[in-house]
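Working notes, beginning with the structure itself.
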Amino acid sequence: MSPIEIPQTHGRPSYDSEKEIWRTLCAYCEAIDDADFDRVAGLWKHGRWPFADGPGSEPMRRWLEDRVILYDGKPRTKHQMTNVVIDVDDEAGTAYFTSYSSIWQALPGSSPQLIIYTRLNGTFERVDGRWWWKTLELVPDLVGDTSRHVRG
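Residue numbers for the sequence shown follow full-length UniProt numbering, beginning at 1 and rising by one.
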């Protein structure tokens, strides 16, 4: 059985760039689960998070602080990304990614619950030699009870 080929749209893949983008995706999950909203928002310095009222870090941080429900300072969630495909165009300084994402929440007195399962489509751009999140689209597939995770 031969491995499945995933076509690279823009020539030879840049594994250093893919690794940096992958690490940014992981940092997003970790920081949001830790309620480190400054760190999460910092990843969006040059982008626009889909729920924020404007581009950049500050609108995203405000949205998180206003909407994410915390329990003893944490949202009690685990964000997971799987099936991640990253397509880098190093010459243009742009990248596209797609993945599945699931968010689990475990509140006091209850077992972990899957609150949403979604496809993520997003872009990154390289600014001053570093990859920054540019856009994100969430396409929900399975939606559970998110009322104890976000307000409104």
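Ideal placement from N, C-alpha and C gives every residue a C-beta, glycine not left out.
Here the C-alpha atom of G54 lies approximately 7 Å from the C-alpha atom of R48. In the three-state reduction of the DSSP assignment, K45 falls in the coil class. The alpha-carbon of D16 is positioned some 22 Å away from that of A31. From the listed residues V143, P75 and R126, the smallest Cα separation to T135 is found for R126. Contact annotation: W132 and K19 have beta-carbon atoms that are not nearer than 8 Å.
S99 is the residue among R130, D128 and S99 whose C-alpha sits nearest the C-alpha of R119. Burial is judged here by how many other beta carbons sit within 10 angstroms of a residue's own beta carbon; R61 has at least 16 and is buried. Judged by beta-carbon spacing, R39 lies beyond the 8 Å limit of G152, meaning their Cβ atoms are not closer than that value. Every unbroken stretch of the alpha helix (DSSP H) spanning 4 or more residues and falling wholly within the UniProt domain "SnoaL-like" (16-134) is given here in chain order: 37-42 and 57-67. In chain order, V84 and I86 place their CB closer than 8 Å to the CB of W22, counting only its own chain and leaving out the 5 sequence neighbours on each side. Rounded to whole angstroms, the Cβ separation of L107 and R76 is 6 Å, and the two are in contact under 8 Å. Pairing D72 with H149, the inter-Cα distance amounts to about 13 Å. Straight-line measurement puts the Cα of D90 at about 32 Å from the Cα of L64.
About 6 Å separates the beta carbons of I116 and P140, which is inside the 8 Å limit, making them a contact pair.
Shown here for C29: same chain residues with a beta carbon closer than 6 Å to its own, the five before and five after excluded, namely H79 in chain order.
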